[in-house]
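Worksheet: the structure to be examined is printed underneath.
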Amino acid sequence: EVTTKNISVSAPRILVIGSEEPAGNLAREALASEYFDVRTMSGFFSEAQLATQIKDPGRPALVVEGSGQWTRVFPALHRGTTKQESANDAQRVPLLILSASITPLETAKALDAGVDDVLSRPYEKAELVSRVKAILRRARPHQGVEIITYKNISLDPRRHLVFVNNRPLRLVLTEFRLLQFFMTHGDFVYSRQHILDRVWGEDRFLDERTVNTYVRRLRNKLEAASANVEFVSVRGVGYMFL
Numbered sequence: 003e004v005t006t007k008n009i010s011v012s013a014p015r016i017l018v019i020g021s022e023e024p025a026g027n028l029a030r031e032a033l034a035s036e037y038f039d040v041r042t043m044s045g046f047f048s049e050a051q052l053a054t055q056i057k058d059p060g061r062p063a064l065v066v067e068g069s070g071q072w073t074r075v076f077p078a079l080h081r082g083t084t085k086q087e088s089a090n091d092a093q094r095v096p097l098l099i100l101s102a103s104i105t106p107l108e109t110a111k112a113l114d115a116g117v118d119d120v121l122s123r124p125y126e127k128a129e130l131v132s133r134v135k136a137i138l139r140r141a142r143p144h145q146g147v148e149i150i151t152y153k154n155i156s157l158d159p160r161r162h163l164v165f166v167n168n169r170p171l172r173l174v175l176t177e178f179r180l181l182q183f184f185m186t187h188g189d190f191v192y193s194r195q196h197i198l199d200r201v202w203g204e205d206r207f208l209d210e211r212t213v214n215t216y217v218r219r220l221r222n223k224l225e226a227a228s229a230n231v232e233f234v235s236v237r238g239v240g241y242m243f244l
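If you're matching positions, the sequence shown starts at 3 in my numbering and goes up one per residue.
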């Protein structure tokens, strides 16, 4: 029996509300592909469900609202906080509104109320991800670069650096993205098709054997660097990272 180990991941957690709606679904896919820790909640939510999602521990670094109900969500994010806490970036959960029909007047109203950003369609995934990253930089300006760690491996997503036992490990870009995927998705067995979609993107024409090739290359480099990890191949399914 294969068991997984807990991993220490500092990737920001993002709660996407209305993931069944087109805007929410696009946000979920775009942010997951960038290795954010994405959690989802239906647009048919109760205040109690939302309160559970945004309380410590497991509090999100950002809420993305794609269900058209920001007037319900925004007050809930600030309910129970003092004026001093609301003024402190570390004590509040930022909110990004996604909308296909919001008017300029409604956008101004939301921003004046304290919403962090509003993004109206049409927009591309790249713009959405950039807006999210910008909000997180403003919300947590002193936290520096997010470092992902697992066992004796450290990965710096922003600077594209990998260290094993505090020694640098040289990886090509695809190997880096593959390692980043596994270090942030260590709980399950992932199919080769899923790995292709997440690491190489859905708009590509590659055989699933490409995954085998890159996993083998990455495994060899990690073993040579004495990384305390292993890839488990599950016959007929895909790979697990332990």
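Backbone N, C-alpha and C define an ideal beta-carbon position, used for all residues, glycine too.
> If you draw a straight line from the C-alpha of Arg237 to the C-alpha of Leu180, how long is it?
Replying inline: A direct Cα-Cα distance of roughly 20 Å separates Arg237 from Leu180.
>> Just verifying my parser: in three-state terms, what is the DSSP assignment at Gly240?
In response: strand
> If you count every other CB in all the chains shown that lies within 10 Å of the CB of Arg200, and 16 or more means buried, which is it?
Replying inline: By the neighbour-count definition (other C-beta atoms within 10 Å, threshold 16), Arg200 is a buried residue.
> Would the beta-carbon of Pro14 fall within 9 Å of that of Phe38?
Replying inline: yes
>> Please list the terminal residues of the continuous beta strand (DSSP E) segment that includes Tyr152.
In response: 150 to 152
>> What would DSSP say about Ser132, mapped onto helix, strand or coil?
In response: helix
> Name the DSSP beta bridge partners of Ser294, please?
Replying inline: Because the chain spans 3 through 244 in this model, residue 294 falls outside it and cannot be assessed.
> Using the rule of at least 16 other Cβ atoms within 10 Å of the residue's Cβ for burial, across every protein chain shown, is Ala32 buried or exposed?
Replying inline: buried
> What residues in its chain sit with their C-beta under 8 Å from that of Gln55, if we drop five residues either side in the sequence?
Replying inline: Leu17, Arg41, Met43, Pro62
>> Just verifying my parser: in three-state terms, what is the DSSP assignment at Ile19?
In response: strand
>> Measuring CB atoms only, is the region 129 to 139 touching the region 149 to 156, in the sense that at least three cross pairs come out at less than 8 Å?
In response: no
> From Ser156 to Phe233, what does the alpha carbon distance come to, in whole angstroms?
Replying inline: 17 Å
> Does DSSP put Asp209 in a helix, in a strand, or in coil?
Replying inline: coil
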